[in-house]
Amino acid sequence: MKLAEAAMQAELGDTKRGLFDPIGSEGTREPHGILLEYKDGFRATMLRIGSNGVRWNFACSIKGEPAPKATTFFPGPWGNRNLFRAFSHAIQYLFVNKEEPYPCERTLLMTGALDAAMHSCFEKGYAKIKTPELEFSYKPKDFNQFREMGKSWEVITAEMEPYKDFVVSDPAPKE
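Here you go:
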């Protein structure tokens, strides 16, 4: 819980709030998490806290340091809309060059981990599930040529009103 609290504190800045207290006007959802244990013993946890669909907080413990390290990532105004350009560019690259712009193994790892989590939850009573089918490695590719590196933020700002039919679900950036 210490890491989860540190991750949420990085976003919200409030050290006195409870981990599962309502967050602003988000409303409440039942929190849930996925625990991952890697073959080498590394452990990770993904938590769903609140109802925000673009909450990206991170915390870790570093051997020999007493306090956890934590950060939050603001994905941009208008609910992560800025990533659409990168994904569109990547799809165009795939069609034109007939080569994946990023390793498809990344998608397989994520969907495989999520599939195992769902089977654990709904069929195994939250028991640990082995995933030998996910024991593979891949060579990463540089994806920077597809990223817009914040250029859309020069046009679409957090202060700008979104289109009337656009549903905003991203957190307001911390001052």
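In our numbering, the protein residues as written are 947 to 1121.
Idealized CB from N, CA, C, for every residue including glycine.
No experiment lies behind these values; they were computed from the predicted model shown.
Tell me, which residues are paired with residue i by DSSP?
| i | result |
| --- | --- |
| Lys1015 | Cys1006 |
| His978 | Arg994 |
| Glu1107 | In the DSSP output, where bridge partners are listed per residue, Glu1107 has none listed. |
| Glu983 | Arg989 |
Can you grab the Cα-Cα spacing for the pair residue i / residue j, in whole Å?
| i | j | result |
| --- | --- | --- |
| Leu958 | Pro1021 | 15 Å |
| Gln1091 | Gln955 | 33 Å |
| Cys1006 | Leu1080 | 24 Å |
| Leu1060 | Tyr984 | 14 Å |
| Leu965 | Tyr1048 | 35 Å |
| Phe1100 | Met1106 | A small correction: the amino acid at residue 1100 is Glu; Phe does not occupy that position in the sequence shown. Rounded to the nearest angstrom, the two C-alpha atoms are 11 Å apart. |
| Met947 | Tyr1072 | 19 Å |
| Asn998 | Glu972 | 7 Å |
| Leu993 | Arg1093 | 27 Å |
| Gly1096 | Ser1034 | 16 Å |
| Thr1017 | Ile1037 | 30 Å |
| Lys1076 | Ala1104 | 43 Å |
| Gly996 | Lys1070 | 26 Å |
Going by other Cβ atoms of all chains shown within 10 Å of its Cβ, with 16 needed for buried, is residue i buried or exposed?
| i | result |
| --- | --- |
| Ala953 | buried |
| Arg1001 | buried |
| Pro1108 | exposed |
| Ile1008 | exposed |
| Ala1062 | buried |
| Ala990 | exposed |
| Gly979 | exposed |
Would you kindly report the start and end of the unbroken alpha helix (DSSP H) that includes residue i?
| i | result |
| --- | --- |
| Glu957 | Lys948 to Leu958 |
| Ile1037 | Leu1029 to Asn1043 |
| Met1064 | Cys1050 to Glu1069 |
Where do the N-terminal and C-terminal ends of the beta strand (DSSP E) with residue i fall, by residue?
| i | result |
| --- | --- |
| Thr991 | Arg989 to Arg994 |
Three or more C-beta pairs below 8 Å linking the segment 998-1017 and the segment 1038-1048: no
field: Inter-stretch contact at 8 Å, needing at least 3 Cβ pairs: the segment 1080-1089 / the segment 1049-1069
entry: yes
Contact the segment 1027-1038 vs the segment 977-991: 3+ CB pairs below 8 Å: no
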